[in-house]
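Quick note: the sequence shown uses the UniProt record's numbering, first residue 1, plus one each step.
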Amino acid sequence: MTTMRASGLDHNCLEEAALGNTELEVYECCNGYYNNTLGECLPICTKPCENGYCSSPNVCTCNDGFSKIGGVCRPTCRHCSNGICVAPNQCMCMKGFERNNAGLCVSKCNGICLNGICDKYGDCICQNGYFRSNVLANFDGLANVTLCTPNCDKPCQNGQCIGRNLCQCFKGFRSSPSSTFECEPICLADCINGKCILPNYCQCDEGYRMIGDRCSPICDPPCENGVCLGPSKCVCQEGFYNDNRIVHKCLPICHIPCHNGTCVAPNQCACNNGYVSSFNDLDRCVPFCDPQFIEMHNANCIAPNVIQCDDSYTLTANRASKKLSCQKECNPSCINGRCNDDDRCECLDGFVQAINDSSHICIPTCDPPCESGHCVAPNVCKCHEGHETHLEKSNICLPTCNPQVVNCTNGVCTSVNTCECNKGYSLMQDEYMVPIGNKSSQLRCLPSCHYLPSHSKCVAPGMYQCIEGYEKNDGSDYCFPVCEQECYNGSCTAPNVCNCSEGFRKNDNDECQSICESDCDGLGGTCVENKCQCFEGYNNLINDYQCSPTCDQCENGYCIALNVCICFDGYSSNKTGTCEPICNNCSEAAICQEPNKCACFEGWKPSQDKDNKFICIEKLSSARQTHLQYPYIVIIAIVSLAGIFAMVTTAYLRCRKFPDNNFSTGNVSCIINNLVSEELVRNYTFLTDNIEELVFINASMDQLDLTVPLSKIEPWKVLIKNSNMQQIVFPSEMRSSVVKLNNVNIKDIYFNKNNHLQDFRADNTSLTQVPMSVVYLHTLDILWLTHSPISSFSFDLLENSSLSLLYLVANQIESLIISPNVICCKNLEEIFLSGNQLKQLDFAIFALMVSLKSIFIEDNQLNFINATNISVDENECNSKAIKLTKPLEDKFCSWNGLYYNQIKNVSFVIHSQSLNCTDFYATLISIHLARNKIHKIDFSTFSLMNNLNSIDLSNNMLSALISSNDKVPLRLSELFVSNNNISHVFLKTLPSLKALYLHDNNILQLNMSTLPYDIDYLNLINNPLDCEQLPHMNRSVNLPTVGPYTEC
1 MTTMRASGLD
11 HNCLEEAALG
21 NTELEVYECC
31 NGYYNNTLGE
41 CLPICTKPCE
51 NGYCSSPNVC
61 TCNDGFSKIG
71 GVCRPTCRHC
81 SNGICVAPNQ
91 CMCMKGFERN
101 NAGLCVSKCN
111 GICLNGICDK
121 YGDCICQNGY
131 FRSNVLANFD
141 GLANVTLCTP
151 NCDKPCQNGQ
161 CIGRNLCQCF
171 KGFRSSPSST
181 FECEPICLAD
191 CINGKCILPN
201 YCQCDEGYRM
211 IGDRCSPICD
221 PPCENGVCLG
231 PSKCVCQEGF
241 YNDNRIVHKC
251 LPICHIPCHN
261 GTCVAPNQCA
271 CNNGYVSSFN
281 DLDRCVPFCD
291 PQFIEMHNAN
301 CIAPNVIQCD
311 DSYTLTANRA
321 SKKLSCQKEC
331 NPSCINGRCN
341 DDDRCECLDG
351 FVQAINDSSH
361 ICIPTCDPPC
371 ESGHCVAPNV
381 CKCHEGHETH
391 LEKSNICLPT
401 CNPQVVNCTN
411 GVCTSVNTCE
421 CNKGYSLMQD
431 EYMVPIGNKS
441 SQLRCLPSCH
451 YLPSHSKCVA
461 PGMYQCIEGY
471 EKNDGSDYCF
481 PVCEQECYNG
491 SCTAPNVCNC
501 SEGFRKNDND
511 ECQSICESDC
521 DGLGGTCVEN
531 KCQCFEGYNN
541 LINDYQCSPT
551 CDQCENGYCI
561 ALNVCICFDG
571 YSSNKTGTCE
581 PICNNCSEAA
591 ICQEPNKCAC
601 FEGWKPSQDK
611 DNKFICIEKL
621 SSARQTHLQY
631 PYIVIIAIVS
641 LAGIFAMVTT
651 AYLRCRKFPD
661 NNFSTGNVSC
671 IINNLVSEEL
681 VRNYTFLTDN
691 IEELVFINAS
701 MDQLDLTVPL
711 SKIEPWKVLI
721 KNSNMQQIVF
731 PSEMRSSVVK
741 LNNVNIKDIY
751 FNKNNHLQDF
761 RADNTSLTQV
771 PMSVVYLHTL
781 DILWLTHSPI
791 SSFSFDLLEN
801 SSLSLLYLVA
811 NQIESLIISP
821 NVICCKNLEE
831 IFLSGNQLKQ
841 LDFAIFALMV
851 SLKSIFIEDN
861 QLNFINATNI
871 SVDENECNSK
881 AIKLTKPLED
891 KFCSWNGLYY
901 NQIKNVSFVI
911 HSQSLNCTDF
921 YATLISIHLA
931 RNKIHKIDFS
941 TFSLMNNLNS
951 IDLSNNMLSA
961 LISSNDKVPL
971 RLSELFVSNN
981 NISHVFLKTL
991 PSLKALYLHD
1001 NNILQLNMST
1011 LPYDIDYLNL
1021 INNPLDCEQL
1031 PHMNRSVNLP
1041 TVGPYTEC
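Okay, here's the thing in structure tokens:
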């Protein structure tokens, strides 16, 4: 049986039919379905299914992408707001909207909107993570476009933001692995020991610098005999080593030690000065004795230029060859001779045997013989005292005239201090020379003039010249005074002194003005031809140039106007206008003869009642008549005595004992107060021998001459205070040891020659200069002047002084003076010049002061200091050097070379007898220059100060402290330079410096190699320096470098 079945079985209905023996199954579509050509039963929908299919009778199912809306399959779209879905997920934007990159319909912008969203107003709003950049849009050529640039949370370093938190690096940079926002520079070469800070630019680390294309380490100072392998780290080359004292210097190694020499290269010795290599052993240095100075016969060289004589020989200086040699010994020893093989003395060349009995003594000979001198060496004459060697003939000694005794210029010195003047000159005292001490001559050859008018001086034989301020008029032989200003209405009577003619007087402008014109016109008269013609009621009885009013009765009064009289004091006007005397103590019987002077009538005599009132009593009949003048004389005598008593009491005299707690028992002080005249002290008769202190207080007078009181008494001290006077005179007889002035207005002080005064002090005076007469104080030990208007000081005043302390503090000194070749202040130890107005200072002023130890010049205005060179060599003498005269050359020299040798060789001993002269600045050990305005210091200024130990330059204006050469003070051990502005230091060449005070400066870096190796103390407090930079202060190193004790 064959069966046929439709594929749409669910929608078929089965019917069976028999066709013969064949069974046939027939299917038919159910209601609501139809059979298609394929025999399939499909549902029937009476209405077409648009955008869908008929899934069951009259049931439409929408295709994918469609959904049924209102019984109709319409396309569906995601996110089709503001648009119309025209196909599945195909949205057509409505008018006013457009599709963006996300397929959304967004408001259409007025312009192009990149990476943004338009709002309903057509404005472009950047999306989250973007920002609006008009500048970038314009740069890209997108005008009128809103460009939303991707936003980065952090700025892109060395790049630009191109997306959300996405940086694009600039050329030459690459992304940093440490941050997405950083672009690091690219260096093609390796940047070892440095940091790449720009494309192909490497910044070297501290301690390195760019050499070629790489960072190489820095060693400063550079490595000597080594290689720099790290900052300030030297590795020695083969054959060299480092002893850790000088880190940059590698020293050579000599396996065999260099005795008396220095290892200068690996296994190579250089002998010290005075030593040479041995002929037998080149590595051994043996002493050398220079044959130029030493003869080696019969001797061994045991040290440089030191020989040891063989037995029976002695060391001798050969005068002829000027060499040391070993000569055979004779007994007695030969003097200026040599011992021959026969043990006899043979004289050296230029010497002869003295006498037969002294055959061992040889004396020098001079040919030709010495005249006025004696032979001290072969053909060398030494002149007798008062003589000097002839310039051309050395054997002749000529007599000399000491300039301090007689100046023989314009004359010939015929014998010692005896001058024969040239023709036209006479030996006399020069009245125009003002002597200072013993410097100026007392006598000299002065020209003679037969005629010499007043105010002139003879300048040549028969020729004179007017002195300063005077001149000759044409055709006149007289010298007339000169006035710079024209002397109208007067005459020039002295230089710049105009005396007015009669009838004229000086006005406020120092001009001669008519007396008549000023005192006559309109004042009782009129001036006619410089004479005053008086009006009625006036007269010119006083003088011809003024008129005075007249009064009919004006005795004992002043006539101040026409008939107007004012009585004198002690008088009063009576009813008649007459001025009568006034007496308060006269009885009725007495008359008032003068103010407070009573007198009796004739026949009466003066007396006093019980109330001490003046009365007159009648004389006895037997008595003779007494005239009025007798009581008048008595009254005058009484009044005169009272006046004298008042004057004496004005000068208050008081002598008292000092309290025991101030002075020893018995010391008496005599105080004189308010002295205005020496007449008031009655020739000082009140003084007693036990007075030990004489005091003047509130004295006011032109001159205080202490000759009388100090010849009567011997006080140990004289004190003058709170006084006003022109001059004070101290006598030579004065035995006082101390003189003090305090708060005294004084112009001059004059000391006569004195050998007792030791201490002179003047504080708060009006002195404008140190008194010139201090040259006469031969025993003065202290000179003390302070708070006075002294503007300059000359050390010439102290040339022959025994002064040990000079104290000139808080004055107005602007200059210090000393004459060339003056040896001053042989005992002066300390100089105090603080608080003055010095701006410049030449230390050469102090060079010849043989005892000076300390100089204090603090709180001045110093901005420049120097020390002028002192030359004893003609070839070295120039305009910038002080040339010493021949006598001073023999007394002074520099020991600098000896001290230098001692520093180089500690065993070297300086013997004063090795140099027959005194060292410059011989004893100076400290200089104090604090609180000045010094901005630069040159250590060569102090190079000849061989014993200088300390310099104080604190509180100045120094910015650098540099010692650039070997001209330095060799023994300077302490240097105080605090409170400056120092930023650079180089003191390597100061060989003895032990302590350096640098606190309160501006030091940022300090290389210890710029300081002396042996420095012990360093003060760096209050500087911007990081002390950890100093090798010996770096605490991170287990074994720090040895260095000075440092406060930092």
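Glycine included, C-beta positions come from ideal geometry on N, C-alpha and C.
**Request:** Find out if the Cβ-Cβ distance for the pair ASN272, ASP290 is shorter than 8 angstroms.
**Result:** no
**Prompt:** What is the DSSP secondary structure of SER621, counted as helix, strand or coil?
**Reply:** Caution applies to SER621, whose pLDDT of 39 falls short of 50 and renders its modelled position unreliable; the value that the coordinates give is listed next. Here SER621 sits in coil by DSSP.
**Item:** Rounded C-alpha distance that separates SER622 from ALA590
**Value:** Note that SER622 scores a pLDDT of 33, beneath 50, so its modelled location is shaky and nothing firm can be said.
**Request:** Would you list, in sequence order, the uninterrupted beta strand (DSSP E) runs of no fewer than 3 residues that lie entirely inside the region 810-875?
**Result:** 815-817, 830-832, 840-842, 854-856, 864-866 and 869-871
**Prompt:** Roughly how far, in whole angstroms, is the beta-carbon of GLU511 from the beta-carbon of CYS527, given that I think they are within contact range, below 8 angstroms?
**Reply:** Not really, about 18 angstroms apart at Cβ, beyond 8 angstroms.
**Request:** Quick one: grab the DSSP three-state call for HIS1032.
**Result:** helix
**Request:** With a cut-off of 8 angstroms on the beta carbons, I'd call GLY469 and PRO453 a contact; round off their distance for me.
**Result:** GLY469 to PRO453, Cβ: 14 angstroms. No contact.
**Asked** When the distance is taken between beta carbons, is MET957 closer than 8 angstroms to HIS935?
**Response** yes
**Request:** On a CA-only basis, which of LEU805, ILE845 and LEU944 is nearest PHE832? Give me that one, please.
**Result:** LEU805
**Asked** For the alpha helix (DSSP H) that VAL968 lies in, which residues bound it at each end?
**Response** Here VAL968 belongs to no alpha helix (DSSP H), and DSSP marks it neither H nor E.
**With 16 other Cβ atoms within 10 Å as the buried cut-off, status of SER179** = exposed
**Message:** Just list the residues that DSSP pairs CYS236 with in beta bridges.
**Reply:** GLY226
**Request:** Quick one: grab the DSSP three-state call for GLY479.
**Result:** Per the sequence shown, the amino acid found at residue 479 is Cys instead of Gly. CYS479 falls in the strand class under three-state DSSP.
**Prompt:** From ALA810 to ASN836, what distance separates their C-alpha atoms?
**Reply:** 5 angstroms
**Message:** The beta strand (DSSP E) that contains LEU975, what's its start and end?
**Reply:** 974-976
**Item:** Endpoints, beta strand (DSSP E) assigned at ILE307
**Value:** 306-309
**Message:** Quick check: ASN673 and SER700, are their CB atoms within less than 8 angstroms of each other?
**Reply:** no
**Prompt:** In the DSSP assignment, what are the bridge partners of GLN769?
**Reply:** Paired residue(s): none; GLN769 is not in a bridge.
**Request:** Check each candidate in ILE361, THR779, VAL380 and CYS824 and name the one with the smallest Cα separation from LYS368.
**Result:** Contrary to the premise, residue 368 reads as Pro rather than Lys in this sequence. Nearest C-alpha to PRO368: VAL380.
**Message:** Any heavy atom of the ligand SAM inside 7 angstroms of the beta-carbon of VAL676?
**Reply:** In terms of ligand content, the structure shown is empty, and the ligand SAM therefore cannot be addressed.
**Asked** Quick one: what does DSSP say THR941 is sitting in, helix, strand or coil?
**Response** helix
**Prompt:** Which residue comes first and which comes last in the beta strand (DSSP E) that contains ASP952?
**Reply:** 950-952
**Item:** DSSP-derived helix/strand/coil call for GLU594
**Value:** strand
**Prompt:** Are the Cβ atoms of LYS457 and TYR451 separated by less than 8 angstroms?
**Reply:** no
**Request:** Indicate whether SER491 and GLY503 have their beta-carbon atoms separated by less than 8 angstroms.
**Result:** no
**Asked** According to the neighbour-count rule (16 or more other Cβ atoms, all chains shown, within 10 Å of its Cβ), is ARG164 buried or exposed?
**Response** exposed
**Request:** Put residue 1050 into one of helix, strand or coil per three-state DSSP.
**Result:** Residue 1050 is absent from the structure shown; the chain starts at 1 and stops at 1048.
**Item:** Beta-carbon proximity check, ILE1015 vs GLU1047, cutoff 8 angstroms
**Value:** no
**Request:** Could you pull out every unbroken beta strand (DSSP E) segment of at least 3 residues lying fully inside the region 700-739, listed in chain order?
**Result:** 700-705 and 717-730
**Request:** Count the other C-beta atoms from every protein chain shown that fall within 10 angstroms of the C-beta of MET1033, then say buried if there are 16 or more, exposed otherwise.
**Result:** buried
**Asked** Just the Cα atoms here: how many angstroms apart are ASN63 and LYS47?
**Response** 16 angstroms
**Request:** Please name the residue, chosen from GLU799, LEU841, SER677 and PHE351, that lies closest to LEU848 on a Cα-to-Cα basis.
**Result:** GLU799
**Message:** Buried or exposed, going by whether 16 or more other CB atoms sit within 10 Å of the CB of LYS933?
**Reply:** exposed
**Message:** Counting C-beta neighbours from all protein chains within 10 Å, is the total for THR941 16 or more, i.e. buried, or is it exposed?
**Reply:** buried
**Prompt:** Where does SER802 sit, in a helix, a strand or coil, going by DSSP?
**Reply:** coil
**Request:** From the DSSP output, read off the bridge partner residues of ASP521.
**Result:** GLY525
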